[in-house]
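**Student:** Numbering-wise (the working numbering), the sequence shown opens with residue 123 and increments by one. Even for Gly, the Cβ is constructed at its ideal location relative to N, Cα and C.
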Amino acid sequence: MLLVAKTAEEGGGTVFPYLGVTVQPEEGDLIVWFNADSRGSRELHSIHGACPIRSGTKVALSLWLRSFPHPALQTPLDGEHPSYRLNHVLRFV
123 MLLVAKTAEE
133 GGGTVFPYLG
143 VTVQPEEGDL
153 IVWFNADSRG
163 SRELHSIHGA
173 CPIRSGTKVA
183 LSLWLRSFPH
193 PALQTPLDGE
203 HPSYRLNHVL
213 RFV
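(1) Output yes or no for whether 9 Å exceeds the beta carbon distance between residue 126 and residue 152.
(2) Which two residues bound the contiguous beta strand (DSSP E) that contains residue 163?
(3) Heavy atom of the ligand PLP less than 8 Å from the Cβ of residue 181, yes or no?
(4) With 16 as the cutoff for other CB atoms within 10 Å, does residue 179 come out buried or exposed?
(5) Report the option in 189, 183, 167, 147 whose CA atom is closest to the CA atom of residue 131.
(6) Answer yes or no: do residue 187 and residue 124 have a C-beta to C-beta separation smaller than 9 Å?
(7) May I have the straight-line CA-CA distance separating residue 157 from residue 140, to the nearest angstrom?
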């Protein structure tokens with residue numbers, strides 16, 4: 123899911139290349155799609171990307187909902203797996 127809080131003045135859409143669709147949402151829009159089918163197999167038509175922002179600023183919130191456990195998310199944050207430490211996920215500028 124992608125909740126769009128602020129749209130860019132120009133550009134910044136979400137493109138689904140296998141569908142030939144680019145979504146240009148308005149502020150407050152919620153875009154929802156399924157990344158997997160009912161068996162849990164990857165849905166190739168859901169592959170998407172953000173278009174370049176040509177002017178202005180885009181603010182969006184992404185939320186992933188899962189029907190099945192994700193192996194990387196089951197790893198404890200115990201220091202043995204540094205790639206899963208919070209400071210490797212968040213970048214402070």
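**Tutor:** Per the coordinate set shown:
(1) yes
(2) First-last for residue 163: undefined, no H or E at that position.
(3) The ligand PLP is absent from the structure shown, which contains no ligands of any kind.
(4) exposed
(5) With distances taken between Cα atoms, residue 131 lies closest to 147.
(6) no
(7) 13 Å
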